[in-house]
Structures are given as C-alpha cells and as structure tokens.
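What follows is one structure encoded as structure tokens, with my remarks underneath.
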Amino acid sequence: MARPKKENAEYFSHDSSMRNDPKIKALRRRFSIGYSVYNMFLEYLTDCSFFEFEMNDLQYEILAGDFDIETETLIQILDYCVKIGLLQNQGNVFFSNGLKKRLQSVLDKRNNAKDKFLNKKILEIASFQSKTDVSVTETTQSKVKESKVKESKVLLRKEPKAAIVDVLKIEYPFFTENFKTQWQLWKVYKSKEFNFKYKSIQSEQASLTELSNLSKKSEKIAIEIINQSMAKGWKGFFELKNNTQNGKQFNNSAGTNSNTGYKPATVDREKLIQELTDDVANGNIPGQY
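Counting along the sequence shown from 1, when you hit position 98 you're at 111 in my numbering, and nothing is skipped either side.
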C-alpha cells in the first residue's frame, strides 16, 4: 500500500523579531495572552492539511480547552487576528497567508523529491524488465541451438545471425529519463486498460518510431501526445488536439482508427507505478515479450 500523501509540516519558522511586528504589537496590546494564543494557533495550522482549519462551535470549545483559555476569549483573539490581517477567514476556514508562503517551499521540495523517487523507481523496473527480456530470449535461443545442432551443422553456422536479431534492444527516439519514464507508464496503462502488451521488440520499436514521427521528433510534443492518449482513454496515439487535421487519428496499436466507443479514463500516475511494482514482484512484467 502506498504511503499517504503528506500535506502538512512538522514546524514553521519563527523570526526573532516577530514580537516587534506592528500587527503583533497591536495584538499584544489588545490581549495579554494574544501573542501566545496566536503562535499556538499557527502551530495548530502547521499540523493541518494544507495549513487550513474549519472552525465551528465544537471546534472552538475543543481548541480553547487545548490552549487552556475561555472559548469566548479564543473567539475574540482569532477574530481580531483576522481583522488586522494576521489570519484569514473564508467561510469559517482559518488560515494564514504568511504561513502558507513560508511552508510552500517545504511542500515543493517534498513533491520534487517524490517525483525523482518515482522516476528512479520506474527506470529501475524498466531496467529489470529489459534484463529479463534478454534472459528469456537467450534461454529460448539456447534450446533452439541444441535442436538445430542435431539437425544440421549448417544451421548452426547461421544461428548467430538470428541471435543478433532476437536480442536487439529498444532504441528510444529521446534519451532523457523523463521520456523513458513516460514510455513505461504508457506500457502499464495499455496493459491495465486494454490488456495489451507489445508482442515483440520490433512492434514496440515501431510504436516508438510512430510516436517520434507524429511529434516531429520533439520530445516535449511526444510526451504531451502520450499524456493526452492516457487522459482521454485512447488505445493509440493522436495528434495533439490543437494540431488535429480533419479528425485524423494516428493509432500505432491493434484496433480501430477511430475513437468511437472509447471511454475517457483518468490516469493516476502513482497508481500505475504501484501496479507496475506489484506486477514485477509477482513476476508479471508488462511489456515482456
């Protein structure tokens, strides 16, 4: 099971001169405990999803008990914080623009690290898949060779040429990790949505060539085409919507040249990666020939 997405933080920065901010001074002047209550509320928001919290009568009571103050006092302090701009309130949802701005970098860093991890994981699985493909091919060739030796020494001399053809590896039109990651997601998507797997290296290579030609050898456009097909639940590749000519579809897999009957699909990238990982663990590798 994938780890739940974390949308809060463990801490927020506290400037040493915070008490001297004009708004903080106004809060301290109005309420003797205003400064401490405000900071405790910021701590509470930091632990909330997206650093927001919806207040109601019961929540005021609970939070006042947590802060060890009267409920009415808490309401007055929070309302005053909203009035002077220390906090914001939209439909009883409290948040702090300043806190969100400070913590956005934490979420961005966390998301970037997560994307790098997922991309690395996909490439590792793809590498394992490639090695497995070669291993299976070599095992098959070994058996064929043994049979042919018994039949004819002449065929044995020709065998290496066949072997060279069989163990050809995929040549990607673009060599970045990002493109290879997107291509692996495309193969998982095809397997899960349509129970389709490329039957050979040659058929997969033909699809890559088709995609390259359709994108006019632009990696950016190629990735957009892949994402478009997955997002719309298509079996094959189309020109980008703004480049479509007379409704022409470019489909590089078995099926029709029309999208009639296709059901739109929402592609969950993390779900596809988890399914790919599970398949490898169970010995069922999408795209294995």
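Ideal Cβ placement from N, Cα and C applies to all residues, glycine included.
Would you kindly work out how many angstroms separate the C-alpha atoms of residue i and residue j, rounded to a whole number?
i    : j    : result
N226 : E232 : 11 Å
W247 : I234 : 17 Å
N33  : K200 : 58 Å
D60  : F108 : 12 Å
R43  : L99  : 14 Å
Q304 : D81  : Nothing about residue 304 can be reported from this structure: the residues present for the chain run from 14 to 302 only.
Y93  : A39  : 10 Å
L55  : F63  : 13 Å
G111 : Y57  : 15 Å
S45  : E83  : 14 Å
E190 : V95  : 47 Å
I'd like to confirm the pairing. Which residues does DSSP put opposite residue i in its beta bridges?
i    : result
E67  : V106
Q101 : F108
State the DSSP-derived secondary structure class of residue i, mapped to helix, strand or coil.
i    : result
F251 : strand
K193 : helix
F54  : helix
F207 : helix
G78  : helix
E184 : coil
G47  : helix
C94  : helix
Taking residue i as the reference, which of the options has the closest Cα?
i    : options                : result
Q13  : D79, G104, K254, I236  : Outside the shown range of the chain, which is 14 to 302, sits residue 13, and nothing can be said about it.
T222 : Y185, F108, Q195, F192 : Y185
I238 : F250, K229, K230, K245 : F250
V50  : K229, L71, T86         : T86
E217 : S228, K203, Q117       : K203
I97  : E65, K36, I135, D70    : K36
Q215 : E206, S228, A244, K182 : K182
M53  : Q72, E74, I75, D79     : D79
K230 : F188, K245, Q241, K210 : F188
E65  : K210, I46, K114        : K114
Do residue j and residue i count as a contact pair if the criterion is CB distance below 8 Å?
i    : j    : result
L116 : T194 : no
V3   : E74  : Residue coverage of the chain in this structure runs from 14 to 302, which leaves residue 3 outside it and unanswerable.
Checking contacts by CB at 8 Å: is residue i closer than that to chain C?
i    : result
A235 : This model lacks chain C altogether; it includes just one protein chain.
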